[in-house]
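Peer 1: Numbering (this note's numbering), first residue to last: 49 to 197. All C-beta atoms, glycine included, are put in the ideal place defined by N, C-alpha and C. Computed from a prediction, not measured in an experiment: that's the story for all the values here. Can you keep this structure in mind? I'll have questions shortly.
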């Protein structure tokens with residue numbers, strides 16, 4: 049199987065409301081996102097994408113549009129974390145992303161995978177699809193999710 053991977057970074061805040069350690073406090077991370085795609089290599093003479101699964105700049109553009117620009121410099125909050133949601137709502141024009149699960153790196157990877165899976169699905173009629181997503185919360189801690197999970 050031939051795959052290609054594009055890496056992007058963004059900053060976001062979160063908290064794990066019931067966590068036993070400091071992660072229950074408001075804090076942030078410099079997240080690193082790795083997007084791995086698979087599909088047939090484009091074989092169209094004269095095409096800008098000839099010989100590619102997808103142009104890396106197109107991978108970046110779609111990821112930024114659907115996920116990175118939405119989450120970058122936002123506070124990602126669990127929908128049932130009412131105290132933090134109320135606080136964030138009190139801040140004028142605050143960038144808040146509400147999700148339906150606690151924003152652990154595992155859950156954020158799942159949400160990101162679902163968003164990007166739809167964004168890349170068969171863009172060229174070549175079977176292009178999101179194969180794997182890796183989300184690093186820190187340089188030493190990350191979650192990986194692969195298609196079929």
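Is the segment 99-118 touching the segment 63-71, taking contact as three or more C-beta pairs under 8 Å?
Peer 2: Taking a contact to require three or more Cβ pairs closer than 8 Å, the segment 99-118 and the segment 63-71 do not qualify as touching.
Peer 1: Between residue 124 and residue 147, is the Cβ-Cβ spacing less than 8 Å?
Peer 2: yes
Peer 1: Let's test the definition: count the other Cβ atoms within 10 Å of the Cβ of residue 197 and tell me whether it reaches 16, buried, or not, exposed.
Peer 2: Note on residue 197: pLDDT 48, under 50, position unreliable in the model; the coordinate value appears next. Exposed is the label assigned to residue 197, since fewer than 16 other Cβ atoms lie within 10 Å of its Cβ.
Peer 1: Checking the sheet assignment: what are the DSSP bridge partners for residue 122?
Peer 2: Its beta-bridge partners are 60.
Peer 1: Measuring straight from C-alpha to C-alpha, what distance separates residue 120 and residue 182?
Peer 2: 17 Å
Peer 1: Pull up the distance between the alpha-carbon of residue 136 and that of residue 58, whole angstroms please.
Peer 2: 20 Å
Peer 1: For residue 122, which residues in the same chain have their Cβ closer than 7 Å to its Cβ, ignoring the five residues on either side in sequence?
Peer 2: 60, 143, 144 and 145
Peer 1: Give the secondary structure of residue 136 by DSSP, where H, G and I count as helix, E and B as strand, and everything else as coil.
Peer 2: Shown here, residue 136 sits in a helix according to DSSP, grouped into three states.
Peer 1: With a threshold of 16 other CB atoms inside 10 Å of the CB of residue 151, please say whether the residue is buried or exposed.
Peer 2: buried
Peer 1: Which two residues bound the contiguous alpha helix (DSSP H) that contains residue 89?
Peer 2: Note, residue 89: premise wrong, no alpha helix (DSSP H); not H, not E.
Peer 1: Identify the continuous alpha helix (DSSP H) that holds residue 165 and give its terminal residues.
Peer 2: Looking at the DSSP string, the run of the alpha helix (DSSP H) that includes residue 165 is 153-168.
Peer 1: Could you tell me the boundaries of the beta strand (DSSP E) in which residue 178 lies?
Peer 2: 177-186
Peer 1: Got a sec, what are the start and stop residues for the beta strand (DSSP E) residue 101 sits in?
Peer 2: Run containing residue 101: none; DSSP gives neither H nor E here.
Peer 1: Which stretch, first to last residue, makes up the beta strand (DSSP E) that contains residue 192?
Peer 2: 189-194
Peer 1: Among all the DSSP beta bridges, which residues are the ones paired with residue 82?
Peer 2: Assignment of beta-bridge partners to residue 82 by DSSP yields 55 and 182.
Peer 1: Is the separation between the beta-carbon of residue 102 and that of residue 171 shorter than 8 Å?
Peer 2: yes
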